[in-house]
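Engineer: Questions regarding the structure given below will be posed in turn.
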Amino acid sequence: MKTTAISVLAASALVLAASCGNAAPAPKGDLNYASMKDIRNINPHLYLGEMAAQAMVFEPLVMNTHDGIKPWLAESWKISPDGRVYTFRLRKGVKYSDGTPFTAQSVKQNIDAVLANRTRHAWLDMINEIEETEALGEHTFRLTLKHAYFPTLIELGLTRPFRFISPKCMKDGGTKDGVSCLAGTGPWVVAEHKRNQYAVFRRNEGYWGEKPLLETVRWNVLPDPQAMLLALQKGEIDLVFGADGDQLTSDAFDKLQREGRYVAAVSRPIASRAILLNSRGEITGDKTVREAIQHAVNRNAIVKGVLNGRETAAETLFAKNVPGCNVPLKPRKFDRARANKLMEQAGWKKGRDGIRVKDGKRCEVSFYFNSKNTQEKTIAEVVQADLRRIGIDMKIIGEEKQAYLDRQRTGKFDMQYSLSWGAPYDPQSYFSSWRIPAHGDYQAQIGLADKPIIDKEITALMTEPDEARRQELTTDILKRIHASAVYVPVSFSRTKAVHSSGLHGVTFAVSQYEIPFETMTFDANKAKKK
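Quick note on the working numbering: the sequence shown kicks off at 408 and runs consecutively.
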């Protein structure tokens, strides 16, 4: 086994060397970033590409920041008294990277292209609220909604789909069937892309804003986390950045930090890590069983043993500091005796091997996870041991990502790993997605008696102009979903970054899906000025 492992690492290292040109360490101004995923198709109006790559090239009218909504491609805006009409004054002198001027007409073309694919974007309620788009001259754009919609500016600032691509890249005036080029207004342009190997992003020298300090970012695809770790240790890459253990496990992160040759940083809590229990499952369809599972899972053990204490154990789906989520909810604390009692109440009796039986059927459930995510597997193993102690035999099944996502869409699971979208999506946009069958949340909730009420309240929430009433709706949604025991809260996740000590200006964006490469530099003096 050791020989095989070494061979795999050696082969992976050779692949990396080839992708990096077998050259000496990157020259000053060039950053080597490693990701387990290829950037894929970064059409800003679709969902196939890596969001961090899309955000490098394409920009929104307004930007979600740690300090709230900030002007971006729109330098100012006005909102009508009834909250339905948004009039944006656009920045002058902005051009797409192909030289095409950024105008109100191009804004209209882009948003119309998104609206031409409404079904694909149905998770975002704003799609259904847009009534009219108008270009009022060269630098004024007007957006008219059917109703006042409180998350309008937040959703216009999301990584996708409301970002802008040159009209010259569109096919027959649209983007739903693909694009012919990738010209945006952002600080980076795609210079080269070799599928599943690497992508090279070059600084946009014609960028309207403050230009990046780096000249290029090379996005190296390393699907093996051990190869990624080895490459970082050998100095072949400068940065690993990601959330949810999909880049480096907590153990690898701690190991690198202890070595002292790297800078290791974590963001503030950014999203909710949980386990979905299918309310239509043969066994998990019983609320009493779901409550037993809630009490059986030792969250603190997961946080300490798997996440190495770098996250906070969660007792509710959302943290109290998420907008509107400071709601009094009684937590279901770890209590194995209580869990066993609930299983007895549900009619499940322990057999000779310790696994419970009811009406001649063993208590067996399946937990599905993305096989590429080592951290998800380790968490599943802890949960498996916890559930066995109360008489539930939990099978762990790893699947390729696409098969895993397909299973979410069809609801063919008992238990699945879940991660909320974090700021700025939580809770409103995440709530909105609960009504769409393509999401695992919808499939897990569909067996609930009050699912129609939850969906109705979410719909009302999105167009409610009164803040107090919005809070009432949010509170009731949270209370109902908490009472349902469909989500087993685990922790509040953080984004991790590990980089060479010579790289400066590494920060975290408000969204876990974006990487602020534009603030990074190998020049310490420039970093201080920035």
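The beta-carbon is built from N, C-alpha and C at its ideal position, and this holds for glycine as well.
Roughly how many angstroms lie between the CA atoms of LYS757 and GLN850, to the nearest whole one?
Structural biologist: Within the sequence shown, residue 757 is the residue found at index 350, counting from 1. Within the sequence shown, residue 850 is the residue found at index 443, counting from 1. Going by the C-alpha atoms only, they are around 30 Å apart.
Engineer: So who's on the other strand from LEU684, going by DSSP bridges?
Structural biologist: Here residue 684 refers to the residue found at position 277 when the sequence shown is read from its first residue. MET822.
Engineer: Is the CB-CB distance between LYS515 and THR547 below 7 Å?
Structural biologist: To locate residue 515, count along the sequence shown from 1; it is residue 108. To locate residue 547, count along the sequence shown from 1; it is residue 140. For LYS515 and THR547, no; Cβs fall outside 7 Å.
Engineer: Thinking C-beta only, is GLU783 closer than 7 Å to PHE776?
Structural biologist: Counting from one through the sequence shown, the residue named residue 776 turns up at place 369. Counting from one through the sequence shown, the residue named residue 783 turns up at place 376. Closer than 7 Å, so yes.
Engineer: Rounded to whole angstroms, how far is the Cβ of ALA459 from the Cβ of MET635, which I believe are closer than 8 Å?
Structural biologist: By one-based count along the sequence shown, residue 459 stands at place 52. By one-based count along the sequence shown, residue 635 stands at place 228. Going by Cβ atoms, the distance from ALA459 to MET635 rounds to 16 Å, so no, they are not a contact pair.
Engineer: Along the chain, where does the alpha helix (DSSP H) that runs through LEU522 open and close?
Structural biologist: Numbered from its first residue, the sequence shown carries residue 522 at position 115. Unbroken alpha helix (DSSP H) run through LEU522: 511 to 522.
Engineer: Determine, using beta carbons only, whether ARG680 comes closer than 7 Å to chain C.
Structural biologist: Here there is only one protein chain, and chain C is not present.
Engineer: Using DSSP's beta-bridge definition, name the partner residues of ASN777.
Structural biologist: On the sequence shown, residue 777 is found 370 positions in, with the first residue counted as 1. Looking at the DSSP assignment, ASN777 forms a beta bridge with GLU806.
Engineer: Just verifying my parser: in three-state terms, what is the DSSP assignment at PRO434?
Structural biologist: Counting from 1 along the sequence shown, the entry for residue 434 is found at position 27. Residue placement at PRO434 cannot be trusted, given a pLDDT of 43 that sits under 50; what the coordinates show is reported in the next sentence. It is coil, neither helix nor strand.
Engineer: Which two residues bound the contiguous alpha helix (DSSP H) that contains GLY712?
Structural biologist: Indexing the sequence shown from 1 puts residue 712 at position 305. From DSSP, the alpha helix (DSSP H) with GLY712 extends over 706 to 712.
Engineer: Return the first residue and the last residue of the alpha helix (DSSP H) that PHE660 is part of.
Structural biologist: Here the question's residue 660 lines up with position 253 in the sequence shown. Here the alpha helix (DSSP H) through PHE660 covers 657 to 666.
Engineer: May I have a chain-ordered list of the beta strand (DSSP E) segments no shorter than 3 residues that lie completely inside the region 578 to 608?
Structural biologist: Counting only runs of 3 or more, we get 581 to 586, 595 to 601.
Engineer: Among the residues of its own chain, which have a CB less than 7 Å from the CB of LEU560, if the five just before and after it don't count?
Structural biologist: The residue you call residue 560 lines up with position 153 of the sequence shown. Result list for LEU560: VAL469, ILE476, in chain order.
Engineer: In this structure, how does DSSP classify LYS858 when only helix, strand and coil are distinguished?
Structural biologist: For the purposes of this step, residue 858 is identified with residue 451 of the sequence shown, where counting begins at 1. Looking at LYS858 - three-state DSSP - the assignment turns out to be helix.
Engineer: Take ASP532 and list the residues in its own chain whose beta-carbon comes closer than 6 Å to its own, dropping the five residues that flank it on each side.
Structural biologist: Numbered from its first residue, the sequence shown carries residue 532 at position 125. So the list reads SER839, MET869, once near-sequence residues are dropped.
Engineer: Can you tell me which of the three DSSP states ALA350 falls into?
Structural biologist: With the chain covering 408 to 937 only, the question about residue 350 has no answer from this structure.
Engineer: If I measure Cβ to Cβ from SER891 and keep anything under 6 Å in the same chain, skipping five residues before and after, which residues do I get?
Structural biologist: Stepping through the sequence shown from its first residue, residue 891 is reached at position 484. Excluding sequence neighbours, SER891 sits near LEU855.
Engineer: For the pair the region 498 to 515 and the region 576 to 592, tell me if three or more CB-CB distances fall below 8 Å.
Structural biologist: With the cut-off at 8 Å, the region 498 to 515 and the region 576 to 592 touch.
Engineer: Let's test the definition: count the other Cβ atoms within 10 Å of the Cβ of GLU612 and tell me whether it reaches 16, buried, or not, exposed.
Structural biologist: Residue numbering aside, residue 612 sits at position 205 when the sequence shown is read from its first letter. By the neighbour-count rule (16 or more Cβ atoms within 10 Å), GLU612 is not buried but exposed.
Engineer: For ARG687, collect the residues of the same chain with a Cβ closer than 7 Å to its Cβ; drop the 5 residues on either side in sequence, then sort them by chain order.
Structural biologist: Position 280 of the sequence shown, counted from the start, is the residue given in the question as residue 687. Around ARG687: GLY818, ILE853, GLY854.
Engineer: Looking at the structure shown, is THR507 part of a helix, part of a strand, or coil, going by DSSP?
Structural biologist: Within the sequence shown, residue 507 is the residue found at index 100, counting from 1. If DSSP states are grouped into helix, strand and coil, THR507 belongs with coil.
Engineer: Does LEU749 come out as helix, strand or coil in the three-state DSSP assignment?
Structural biologist: As a first step, residue 749 must be located in the sequence shown, where it is residue number 342. Correct three-state label for LEU749: helix.
Engineer: Is it buried or exposed, LEU480, if we count other Cβ atoms within 10 angstroms and call 16 or more buried?
Structural biologist: To locate residue 480, count along the sequence shown from 1; it is residue 73. Flag for LEU480 reads buried.
Engineer: Alpha carbons only, please: which of GLU622, ARG527, ASP445, VAL897 is nearest the one belonging to VAL789?
Structural biologist: Taking the sequence shown and counting its residues from 1, the one referred to as residue 789 is at position 382. Closest option to VAL789, Cα to Cα, is VAL897.
Engineer: When the Cα atoms are used, what is the spatial distance from GLY829 to LYS435?
Structural biologist: By 1-based counting over the sequence shown, the position of residue 829 is 422. By 1-based counting over the sequence shown, the position of residue 435 is 28. Distance between the alpha carbons of GLY829 and LYS435: 34 Å.
Engineer: Would you mind working out which of ALA931, ILE843, PHE557, PRO488 sits nearest PRO872, comparing C-alpha positions?
Structural biologist: Locating residue 872 in the sequence shown gives position 465, where the first residue counts as 1. The residue with the shortest Cα to Cα distance from PRO872 is PHE557.
Engineer: Measure the alpha-carbon distance for ARG763 versus GLY692 and round it to whole angstroms.
Structural biologist: Along the sequence shown, read from residue 1 onward, the residue named residue 763 stands at position 356. Along the sequence shown, read from residue 1 onward, the residue named residue 692 stands at position 285. Spanning the two alpha carbons is a distance of roughly 16 Å.
Engineer: Rounded to whole angstroms, what is the Cα-Cα separation between ILE449 and PHE571?
Structural biologist: Residue mapping note: residue 449 aligns to position 42 of the sequence shown, counting from 1. Residue mapping note: residue 571 aligns to position 164 of the sequence shown, counting from 1. ILE449 and PHE571: Cα-Cα distance of roughly 12 Å.
Engineer: So, helix, strand or coil for THR566, using DSSP?
Structural biologist: Indexing the sequence shown from 1 puts residue 566 at position 159. Coil, per DSSP.
Engineer: Per the DSSP calculation, ARG876 is bridged to which residue(s)?
Structural biologist: One-based indexing of the sequence shown puts residue 876 at position 469. Beta-bridge pairing links ARG876 to no other residue.
Engineer: Tell me the DSSP secondary structure of PRO896 in three-state form.
Structural biologist: For this step, residue 896 is matched to residue 489 along the sequence shown. Reduced to three states, the DSSP call for PRO896 is strand.
Engineer: Which class does LEU550 belong to by DSSP, given the choice of helix, strand or coil?
Structural biologist: As a first step, residue 550 must be located in the sequence shown, where it is residue number 143. Strand, per DSSP.
Engineer: Measure the Cβ-Cβ separation of ARG447 and THR494 and say whether it is below 7 Å.
Structural biologist: Indexing the sequence shown from 1 puts residue 447 at position 40. Indexing the sequence shown from 1 puts residue 494 at position 87. For ARG447 and THR494, no; Cβs fall outside 7 Å.
Engineer: To the nearest angstrom, report how far apart MET463 and TRP626 are at their CA atoms.
Structural biologist: Residue 463 sits at position 56 when you count from the first residue of the sequence shown. Residue 626 sits at position 219 when you count from the first residue of the sequence shown. Distance between the alpha carbons of MET463 and TRP626: 12 Å.
Engineer: Should LEU543 be labelled buried (16 or more other beta-carbon atoms within 10 Å of its own) or exposed?
Structural biologist: Here residue 543 corresponds to residue number 136 of the sequence shown, with the count starting at 1. That one is exposed.
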